[in-house]
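Just so you know, the protein sequences line up as chains B and P, in that order. Quick note: the first sequence, position 144, residue 144 per the working numbering, numbers continuous. Quick note: the second sequence, position 47, residue 47 per the working numbering, numbers continuous. The next block holds one structure in the form of C-alpha cells; read it before the comments.
There are 2 protein chains.
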Amino acid sequence: MNEILTSSQNDRVKAWRKLSQKKHRDAEKAYWIEGAHLLEEALQSGADIKEIIVVEGSDLQLAWTKFPVTVVSDSVFKSISQTPSPQGIAAVVGFGELNYAPQQGHLLLLDAVQDPGNLGTMIRTADAAGFSAVVLGKGCADLYNDKTIRATQGSLYHLPIYKADLAALLPELKAEGYYTWVTDLTESTYFHECEVPQKVALIMGNEGQGVSEALINAADQAVKIPILGQAESLNVGIAAAVLVYHIALAHGSIK
Amino acid sequence: MNEILTSSQNDRVKAWRKLSQKKHRDAEKAYWIEGAHLLEEALQSGADIKEIIVVEGSDLQLAWTKFPVTVVSDSVFKSISQTPSPQGIAAVVGFGELNYAPQQGHLLLLDAVQDPGNLGTMIRTADAAGFSAVVLGKGCADLYNDKTIRATQGSLYHLPIYKADLAALLPELKAEGYYTWVTDLTESTYFHECEVPQKVALIMGNEGQGVSEALINAADQAVKIPILGQAESLNVGIAAAVLVYHIALAHGSIK
C-alpha cells in the first residue's frame with residue numbers, strides 16, 4: 001500500500017491546490033477534476049490523466065491503477081478539494097493546444113461568455129443536441145475552471161472543444177461550407193422564420209454585451225428569439241438551448 | 001430629512017435581516033428585494049410594498065416617497081444586503097395567498113424544482129415565451145428566496161405565479177381545456193413529433209428525480225427531448241426552455 005500523504009503543507013499538495021487558479025493551470029498545462037464519474041469519462045475519452053489522488057480507505061478500480069496514485073489523508077483531501085462535498089477521488093489531467101480541426105456537423109461558437117456556469121451548460125447542451133464541436137473565442141471563461149467543468153456534467157469529454165479567434169475562423173468555416181448564424185437583438189430575423197442550413201455555425205455572445213459588432217457584421221444571418229411576454233431578455237444559456245435544438249431538429253427524423 | 005439608522009443591532013435591522021430565511025418570510029408574509037430596477041418592477045406591477053430602505057446619501061425618486069422610507073448607514077445596509085454588490089436601495093414587499101386562478105394561455109407547472117436559480121430562470125423563460133402563468137407545486141424552492149428573485153430578473157412581477165398541489169390541480173385544468181404535457185425520459189414521445197394543443201400545461205420536474213410518478217400517470221402526454229450526443233441529460237432549465245419555446249411558437253406567426 002502507498003504511503004499516506006498527511007501534510008497539507010507538502011509541496012505536491014500545494015501544487016494541486018494551485019490548479020484552482022488559471023495562471024497555474026496554464027503554466028502546468030494541467031487541470032483538476034473530481035469525482036469517480038468524471039474520472040471515468042476522462043478515462044474513456046482518452047484524456048491525458050497525469051495522476052490520481054484518493055483519500056485513504058478508498059476502493060480503487062483496476063483501471064485506475066495504471067496511473068500514478070497518491071493516497072492522502074481526509075484532511076489533506078478536504079484542503080485540495082474544489083467542491084463543497086468532496087468525493088474522495090480526483091485527478092490531474094493534462095491539456096494541449098485546442099486548435100480547431102474541420103468538422104462535419106453543426107458548431108457552437110462562444111464569444112466572450114464570461115460565466116463558467118453558462119459556459120459549461122452550453123457545452124452540455126451542444127453535446128446533448130449532437131453538435132460536432134464547441135469553439136471558445138476570446139474572453140470566455142476558462143474551460144478548466146472547476147465551475148465550468150461541473151456544469152458540463154462530463155460533456156467536455158464528449159465532443160471536441162476548441163479555442164480560436166472567431167473573427168479569423170469565420171472565413172475558414174465558410175470554406176468548409178458553414179453558414180454562420182449570430183444572435184443579435186436589433187436588426188435580425190426571428191430564428192424560426194429562417195431556413196436552417198445543413199451546416200450551421202451558431203455564435204452566442206457575452207451575457208451583457210451580446211456578440212461583438214465585428215462578428216455580427218461578418219456572420220451570414222442575424223437571428224433573434226421572439227420575446228412574447230414582458231421579460232427584457234433571456235439568459236444566454238437558455239437562448240442557446242432554444243437555438244441549438246431548433247437547428248439540431250430541423251433536418252430529418254430521429255429514431 | 002429622516003433620521004439615519006446606524007446600529008446593525010437595531011431591532012428593525014434585525015427583522016430585515018431575518019427576511020433572508022424562509023420561516024421568517026412566511027411568518028411576516030413579506031420578503032426582501034434589492035436594487036432600483038427590481039423595485040421599479042415591483043412598483044409598476046402593484047406589488048404590496050411595505051417600506052423602502054436606502055443607504056444614506058441616495059437620491060430617491062418621487063414615486064418612492066409615498067412609501068415609508070428608512071435611511072440607514074452604509075455599514076447597516078451592507079449588514080442587511082443579500083447581494084454581493086449592494087445597490088443601496090431595498091424594499092420589504094408583502095405577499096398573500098398564491099391561489100390558482102383560471103388562465104387562457106399556456107402554463108408552466110413545476111414539480112419539486114429545488115434549485116432557486118433553476119426556478120427563477122424558468123419563471124423568466126416562461127415570461128419571455130408569453131406563457132400565462134407559472135404554478136409551483138410541492139417541494140419547489142421558495143419563490144422569495146433571494147437567488148430565485150435574482151434569477152427571475154424581474155419576471156416574478158410580469159406574470160402570475162401560483163402555488164398549488166399539482167395533482168389536485170390537474171382535473172381543474174382539464175375542465176378549463178388544458179392538455180397536460182409531462183417530461184419523462186422513459187415511455188414518452190419526442191416533443192417535436194407531438195401536435196401542440198392550443199392550451200398546454202407543461203410539467204417540469206425535480207433536478208434529480210424528474211416529475212413524480214403520480215403526475216406522469218395523470219398527464220395527457222409524456223414527452224422527451226432527444227439526446228443526440230453523449231450527454232446523459234439536460235439541465236432542467238435548459239429542457240424547459242426548449243419545450244416552452246416550442247409550445248409558444250407552434251401556433252400562428254409573431255409580428
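Yeah, the Cβ is synthetic: ideal placement off N, Cα and C, and Gly gets one too. Bear in mind that the values here come from a model prediction, so they are computed numbers and not experimental data.
For residue i, which residues in the same chain have their Cβ closer than 8 Å to its Cβ, ignoring the five residues on either side in sequence?
i      : result
P/A112 : G137, K138, G139, C140, G205, N206, Q209, S212
B/V72  : I4, L5, T6, V13, I53, V54, V55, E56, I80
B/P86  : E34, V55, F77, K78
Among the residues of its own chain, which have a CB less than 7 Å from the CB of residue i, if the five just before and after it don't count?
i      : result
P/G94  : K29, A30, D48, K50
B/A129 : V244, Y245, A248
P/G259 : In this structure chain P extends from 1 to 255, so residue 259 of chain P is not present and cannot be described.
P/G88  : V54, V55, S58, F77
P/T65  : none
P/L39  : I33, I89, A91
B/Q103 : S132, A133
P/A164 : Y100, V135, G137
Can you tell me which residues form a DSSP beta bridge with residue i?
i      : result
B/K224 : B/Y190
P/V200 : P/Y179
B/A90  : B/E34, B/I53
B/I123 : None, per the DSSP bridge assignment.
P/I4   : P/V71
Tell me which residue opens and which closes the beta strand (DSSP E) that residue i is part of.
i      : result
P/A133 : 133-136
B/V72  : 69-72
B/Y110 : Going by the sequence as given, residue 110 of chain B is Leu instead of Tyr. From DSSP, the beta strand (DSSP E) with B/L110 extends over 107-110.
Around the Cβ of residue i, are there at least 16 other Cβ atoms within 10 angstroms (buried) or fewer (exposed)?
i      : result
P/H192 : buried
B/P68  : exposed
B/E34  : buried
P/E41  : buried
P/A241 : buried
B/T186 : exposed
B/L60  : exposed
P/S45  : exposed
B/K255 : Interpretation of B/K255 is limited by its pLDDT of 48, a score under 50 that renders its predicted location unreliable; no figure is taken from the coordinates.
P/G177 : exposed
P/S155 : buried
P/L62  : exposed
B/G120 : buried
P/A175 : exposed
B/H251 : exposed
P/D26  : exposed
B/W125 : Reading the sequence as shown, one finds Thr at residue 125 of chain B and not Trp. Burial call: buried.
B/Q9   : exposed
Along the chain, where does the alpha helix (DSSP H) containing residue i start, and where does it finish?
i      : result
B/T152 : 146-152
P/L243 : 236-248
DSSP on residue i, reduced to helix/strand/coil?
i      : result
P/K18  : helix
P/G210 : strand
B/Y162 : strand
P/L143 : coil
P/L185 : coil
P/D11  : helix
P/D48  : strand
P/D115 : coil
B/L98  : coil
P/H251 : coil
B/P171 : helix
P/K29  : coil
B/E40  : helix
B/S155 : helix
B/S85  : coil
B/L60  : coil
P/S79  : helix
P/A231 : coil
P/A128 : helix
P/A218 : helix
Who are the near neighbours of residue i in its chain, counting only those whose CB is closer than 6 Å to its CB and skipping five residues on each side?
i      : result
B/P160 : A133
B/A201 : L107, L109, L173, Y178, T180
B/W16  : I80
B/K224 : L185, S188
Less than 7 Å separating the Cβ of residue i from some heavy atom of the ligand SAH?
i     : result
P/V13 : No copy of the ligand SAH occurs in the structure displayed, which carries no ligand at all.
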